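Q: Below is a structure I'd like to ask you about.
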Amino acid sequence: MLLISCPWCGERDEVEFHYGGESHIAYPDDPEAITDDAWGEFLFVRNNPSGEFRERWLHTHGCRRWFNLLRDTSTHEIVRSYRMGESADQSSGAERESD
Amino acid sequence: MSIEHARADHFEHPSELWRASEPRASYDVLVVGGGGHGLATAYYLAKEHGLTDIAVLEKGWLGGGNIARNTTVIRSNYLWDESAAMYEHSLKLWEGLSEELEYDLLFDQRGVLNLAHNLHEVREGIRRVNANRLNGVDAEWLDTDGVKEFCPIVNTSSDLRYPVLGATLQRRGGIARHEHVAWGYATRASQLGVDIIEGCEVTGIDVAGGRATGVQTTRGPISANKVALVAAGHRSVLAEMAGLRLPVQSHPLQALVSGLLEQRLGCVVMSGAVHVYVSQAHKGELVMGAGIDAYNSYAQRGSFHVIEKQMAAAVELFPIFSRAQMLRTWAGIVDVCPDASPIVGLTPIEGLFLNCGWGTGGFKATPGSGWTLAHTIATGEPHRLNAPFALDRFAHGRLIDEHGAAGVAH
Amino acid sequence: MASSAPSEPRMAPLSGWESRFVEASESGVVELGERPFLAHVNLRLDPSNLSARARVRETLGVELPLSPNTVSDGAGHAALWLAPDEWLLVGPTGSEGEIVGSLQGALAPYHHSVLDITANRTTLELVGSRAREVLATGCGLDLHPRVFGPGRCAQTLYAKTQLVVWQIDDVPTFRLLVRPSFAPYLAEFLCDAMLEW
Ligand SMILES: Cc1cc2nc3c(=O)[nH]c(=O)nc-3n(C[C@H](O)[C@H](O)[C@H](O)COP(=O)(O)OP(=O)(O)OC[C@H]3O[C@@H](n4cnc5c(N)ncnc54)[C@H](O)[C@@H]3O)c2cc1C
Ligand SMILES: [Zn+2]
Chain A
1433 MLLISCPWCG ERDEVEFHYG GESHIAYPDD PEAITDDAWG EFLFVRNNPS
1483 GEFRERWLHT HGCRRWFNLL RDTSTHEIVR SYRMGESADQ SSGAERESD
Chain B
223 MSIEHARADH FEHPSELWRA SEPRASYDVL VVGGGGHGLA TAYYLAKEHG
273 LTDIAVLEKG WLGGGNIARN TTVIRSNYLW DESAAMYEHS LKLWEGLSEE
323 LEYDLLFDQR GVLNLAHNLH EVREGIRRVN ANRLNGVDAE WLDTDGVKEF
373 CPIVNTSSDL RYPVLGATLQ RRGGIARHEH VAWGYATRAS QLGVDIIEGC
423 EVTGIDVAGG RATGVQTTRG PISANKVALV AAGHRSVLAE MAGLRLPVQS
473 HPLQALVSGL LEQRLGCVVM SGAVHVYVSQ AHKGELVMGA GIDAYNSYAQ
523 RGSFHVIEKQ MAAAVELFPI FSRAQMLRTW AGIVDVCPDA SPIVGLTPIE
573 GLFLNCGWGT GGFKATPGSG WTLAHTIATG EPHRLNAPFA LDRFAHGRLI
623 DEHGAAGVAH
Chain C
6 MASSAPSEPR MAPLSGWESR FVEASESGVV ELGERPFLAH VNLRLDPSNL
56 SARARVRETL GVELPLSPNT VSDGAGHAAL WLAPDEWLLV GPTGSEGEIV
106 GSLQGALAPY HHSVLDITAN RTTLELVGSR AREVLATGCG LDLHPRVFGP
156 GRCAQTLYAK TQLVVWQIDD VPTFRLLVRP SFAPYLAEFL CDAMLEW
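Protein chains in written order, with the numbering used here: chain A, 1433 to 1531; chain B, 223 to 632; chain C, 6 to 202.
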C-alpha cells in the first residue's frame, strides 16, 4: 500500500485516497476550433511514462481535496505532493511543515 | 484431451523446444514482445501467409510477461458486435489449437458464469445473453437455482450483502494452461523458420521518411521492412520511441493462487459487483484475480488492500474457501484503453503495426489477436475483424465501450 | 435555516448497546460509550476572509483553526478543521438551532454555508490508558502522542468505516464521530478489539 502525503493532512494510507490520472491537462480554449484529432487527443490520450509522473489524487476519506503527486511509476517512490495551483517544481505543501 | 504428445509435464521453461537464435542484421518482419500475442502473430504470419523471415524479440524470457501471469479465463460473451466477432473468432481458434500446435494447452471448456447481484446486473446480463445469441455466441441465462445447480459451492443464500440473482453462462468458455500457450506457439513458429530471440530488449525504433526501418536493441541494431509492437503493458514506452502517443494507461493487475485443494470448483466464476473471478486449475490450486490497481505503474506489483478486498469477496461468494491458504500473489502490467477495448492494426507510420490495450482480458484473445495482426502485417490492410479496433477510433469517436462486458474484465 | 429541537424524543443510534459497552469496558484501562445528540454544524467559508472569521469568534466564542486537523475550543463550542475552508462546529446537545441561527445572521454579508448536520453522525467515546491501542487495531493513523495528541482531529478510516477521530484529553479520550448506519458496525468492531485489554 502506498503511503501518500496529502498536502493538507500529511501522510495517510492509500485507502483514504482516490486516483485521478494525469495532472495539468488543460481544457482546450476553444473546443469548437480544434480538429477531431486534437479533441480525441485531449479526451483520450495521456502520458504513460515509466518513471516520474505528475498525477492527481483526491483525499476522499480525509479533507476531500484534490492535489497533485509526483510519483515514479517504475518504483512507486513518491517524490513530492503539491497543492492544486502549484507546479511540481515549486516547494510543496508536503515538504514544508503544514501550517 | 486426447493428444498423444501432450507435454503437460512441462513446468520448467522448456527452451529446448525452439531454436535459440542469434539476431541477424535484418528481417522482413520484427515482432517486438515474446508474449502470447507476439508469438501467435509470428506463427500465423508463417502458417497463414507463408512469411518466415521473421524474428520475435523478447527482452526477458518467453512467457515472462502477462501470458504467464494471467488467470487464463477464456470466453467470448462480449456485448458489442465488434468484440463478439473478435473474441468468438479467437475462441474458435482455441477449440482446435492443441491439435493444430500439437501441444496440449490444457484448454478446458468448463463453462464461465458471470454473476448478477442486483437488478441492473440482471438486466444487463439478459441483454448480453440476447446480444451474444444474435452474434452466434453461445449464451444462457441462469436464475439463482440454475446457478446453484451449475456451481453448488457458490453461496446463493438470500441474506448476502450482494445476493446472487442469476448469471450468464457461456458453456464454451473455460481456461487453459498459460505458459503452454507461449511454448506451443514458440515451438511451432520456430519449426516454421521464425527466429525466437530471448534476452533482446528493443531500445529504439528507427523511423525514416515516415516509415519504420528497424529497431535498436541491447544486442545491436536490426533492420526490417515491418515492425510490430506487441509488448503488453510496455507499449506506450515503445510507441513513444517511434514518436507515437497512445490512448493507453498501464496499471498493475494482481492475482493469487492457493495451495492444492481437492477439485470442488468445476467452472469459472466471475462477479463484477463483489469483484472477484476464480477458477480451480487442473492441479487443484484456486486461481483468482482482482481489478486493476487504480494508479499507473510499471512496477509489476500492486497494493495489498486490493487483493485483501478481493479475498473478502471470494470468501463471501464461496464460504468453503474461508480456510484456504493463499500461497503466492503477483502482478502483471496491463495497458488499458479508455473504452476497455484493444487497438490492433496500422499506425500513422508505414510499416509499423500495433497491438495493444488488451488490458485485463487479452489472454483469451491470444489466437485471434495474433491471427488478425498477422493478416494486417502480411496484406497491409486490417482484416474485417480487427478493422473496428483501429487507433483512429479515438479521433472519430467510434469507441467500442466494453466496460460493462469487461466488468472485472477477463 | 435554523432548525428547531425535535418534539419527539430522539433515539440514539446505539441505544440498547449500553450493556455491551459495560461488558467490553474495563475501568481505567479502556471504556466505550455513546455520547449521542451533540450539536453538529458544518461551516464553510473562505479562510482568508478575516472579518468573517472574526464574526464567528464573536458569535460562538471559538476561533476557527487554520492548521489542518486541529481543534480549538471556546465557550462550550469546539471547532474541528475538516478542510481548508470547512469546519465542524460541535456544541452542547440541543444548541444546533441556536448555532445555525446566530451564525447565519453574523455571516450574512459573506459568502458562506452553515448547515445543521447533527443527525449526520453520532459520537462514541473511547477512554482509558489503552484507548490508543484499541483505536490502532483498525485505524492507519499515526496515533503516537508525539504526532496525535489532545486538540488533534482527523477524518480517516477505522476498519473501512469513515470516521472523524478527535482526541480531547491525554487520558486519552477519543471521540469517534460516525454515521448512524455504520455505528453498530463500528461499535461491534471496537468491542471486539477491546477484549484484548
Ligand atoms: C494478473 C492478470 C490476470 C489476467 N487474467 C486474464 C484472464 O483471466 N483472461 C484473459 O483473457 N486475460 C487476462 N489477463 C490479460 C492478459 O494476460 C494480457 O492481456 C495478455 O497476456 C497480453 O498478451 P501479450 O502477449 O501482449 O503480453 P505479454 O505476455 O506481457 O507479452 C509482452 C512481452 O513483451 C516484452 N517486452 C516488453 N518491452 C519490451 C522491449 N522493449 N523489447 C522486447 N520485449 C519487450 C515483455 O517482456 C513481454 O514478454 C490478465 C493479466 C494479468 C496481469
Ligand atoms: Zn487531506
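C-beta atoms are modelled at their ideal positions from N, C-alpha and C, and glycine is treated no differently.
No experiment lies behind these values; they were computed from the predicted model shown.
Straight-line CA distance for Gly431(B) to Thr598(B)?
A: Straight-line Cα distance between these residues: approximately 21 Å.
Q: Measuring straight from C-alpha to C-alpha, what distance separates His527(B) and Ala57(C)?
A: In a straight line, the C-alpha of His527(B) is about 42 Å away from that of Ala57(C).
Q: Would you give the residue range spanned by the alpha helix (DSSP H) that Asn354(B) belongs to?
A: First-last of the alpha helix (DSSP H) with Asn354(B): 341 to 356.
Q: Could you have a look at Asp417(B) and say whether DSSP puts it in helix, strand or coil?
A: DSSP places Asp417(B) in strand when its eight states are reduced to three.
Q: For the alpha helix (DSSP H) containing His259(B), name the first residue and the last one.
A: 258 to 271 is the span of the alpha helix (DSSP H), which, as asked, contains His259(B).
Q: How about Arg1478(A) and Gly1452(A): do their beta carbons lie closer than 8 Å?
A: No, the pair does not count as a contact, with Cβ atoms beyond the cut-off.
Q: Exposed or buried, what is Glu1529(A) when buried is set at 16 or more other beta-carbons lying within 10 Å of its beta-carbon?
A: Summary for Glu1529(A): the model assigns pLDDT 34, below 50, so the residue's position carries little reliability; its value from the coordinates is reported in the next sentence. Counting Cβ neighbours within 10 Å, Glu1529(A) comes out exposed, since fewer than 16 surround it.
Q: If distances are taken between C-alpha atoms only, which option among Pro245(B), Ser237(B), Asp557(B) comes closest to Gly583(B)?
A: Ranking the options by Cα distance to Gly583(B), first place goes to Asp557(B).
Q: Could you tell me whether any non-hydrogen atom of ligand 2 is closer than 7 Å to the CB of His1450(A)?
A: No, ligand 2 has no heavy atom inside 7 Å of this Cβ.
Q: Would you say Phe153(C) and Gln172(C) are within 8 Å of each other, going by their C-beta atoms?
A: Contact: yes.
Q: CB Leu387(B) to CB Thr409(B), shorter than 8 Å?
A: Result no, Cβ atoms of Leu387(B) and Thr409(B) do not sit closer than 8 Å.
Q: What is the rounded straight-line gap between the Cα of Gly511(B) and the Cα of Met492(B)?
A: Whole-angstrom Cα-Cα distance: 10 Å.
Q: Hey, would you say the C-beta of Gly1517(A) is under 7 Å away from at least one heavy atom of ligand 2?
A: The answer is no for Gly1517(A).
Q: How big is the Cα-Cα spacing for Asp250(B) and Asp275(B)?
A: Cα-Cα distance, rounded: 5 Å.
Q: Kindly indicate which residue of Ala503(B), Trp593(B), Arg620(B) has the alpha-carbon position closest to the one of Arg399(B).
A: Closest option to Arg399(B), Cα to Cα, is Ala503(B).
Q: Taking the alpha carbon of Ile122(C) as the reference point, which residue from Ala141(C), Glu31(C), Val132(C), Gly96(C) has its own alpha carbon closest?
A: Selected option, being the one with the closest Cα: Gly96(C).
Q: Where Thr294(B) and Phe585(B) are concerned, what is the direct C-alpha to C-alpha distance, given to the nearest angstrom?
A: Each residue's alpha carbon lies about 6 Å from the other.
Q: Under 9 Å Cβ-Cβ, which residues of chain A neighbour Gln331(B)?
A: Within chain A, no residue comes near Gln331(B); the closest Cβ sits about 36 Å away, beyond 9 Å.
Q: If we cut at 8 Å on Cβ distances, does Phe1474(A) have a partner in chain B?
A: Answer no: the Cβ-Cβ gap between Phe1474(A) and chain B never drops below 8 Å.
Q: Which residues in the same chain as Trp240(B) place their Cβ atom closer than 7 Å to its Cβ, once the five residues preceding and following it in sequence are excluded?
A: Excluding residues within five positions, the ones whose Cβ falls inside 7 Å are Ala408, Thr409, Ser412, Ile418.
Q: Please check if any C-beta of chain A sits within less than 8 Å of the C-beta of Ala521(B).
A: By this cut-off, Ala521(B) is an interface position.
Q: Quick check: is the beta carbon of Leu195(C) nearer than 8 Å to any beta carbon in chain A?
A: Not one chain A Cβ lies under 8 Å of Leu195(C).
Q: In whole angstroms, what separates the C-alpha of Val566(B) from that of Asn608(B)?
A: Whole-angstrom Cα-Cα distance: 6 Å.
Q: Looking at Glu346(B) and Ile622(B), is the spacing between their C-beta atoms short of 8 Å?
A: For Ile622(B) and Glu346(B), no; Cβs fall outside 8 Å.
Q: Going by DSSP, what residues sit across from Leu391(B) in a beta bridge?
A: Leu391(B) is bridged to Leu335(B), Glu362(B).
Q: Please report the Cβ distance between Arg332(B) and Gly488(B), rounded to the nearest whole angstrom; I am assuming they are in contact, meaning their Cβ atoms lie under 8 Å.
A: Going by Cβ atoms, the distance from Arg332(B) to Gly488(B) rounds to 6 Å, so yes, they are a contact pair.
Q: What is the C-beta distance between Gly133(C) and Glu36(C), in whole angstroms, given that I count them as a contact (C-beta under 8 Å)?
A: The pair is a contact, with the Cβ atoms about 5 Å apart (cut-off 8 Å).
Q: Am I right that Trp316(B) and Glu624(B) are in contact with their C-beta atoms under 8 Å? What's the rounded C-beta distance?
A: Contact doesn't hold; Cβ gap of about 19 Å is too wide.
Q: Looking only at C-alpha atoms, which of Ala164(C), Pro150(C), Gln167(C) sits nearest to Asp174(C)?
A: When only C-alpha atoms are compared, the closest one is Pro150(C).
Q: Taking only the alpha-carbon atoms, compute the straight-line gap between Tyr1514(A) and Arg49(C) and give it to the nearest angstrom.
A: Rounded to the nearest angstrom, the two C-alpha atoms are 23 Å apart.
Q: For Pro560(B), go through chain A and note every residue whose CB falls closer than 7 Å to its CB, in chain order.
A: By Cβ distance, chain A contributes Phe1476.
Q: Could you check what DSSP says for Ser248(B) in three-state terms: helix, strand or coil?
A: Of the three classes helix, strand and coil, the one that applies to Ser248(B) here is strand, per DSSP.
Q: Along chain B, which residues have their Cβ under 7 Å away from the Cβ of Val1447(A)?
A: Here the neighbours are His527.
Q: Tell me whether Pro14(C) is buried or exposed, calling it buried when 16 or more other Cβ atoms sit within 10 Å of its Cβ.
A: Pro14(C) comes out exposed.
Q: Express the C-alpha separation of Glu401(B) and Gly285(B) in angstroms, rounding to a whole number.
A: C-alpha separation (whole angstroms): 6 Å.
Q: Quick one: which chain A residues come within Cβ less than 9 Å of Asn74(C)?
A: Near Asn74(C) (Cβ distances below 9 Å), the residues of chain A are Trp1440, Cys1441, Gly1442, Gly1494, Cys1495, Ser1530.
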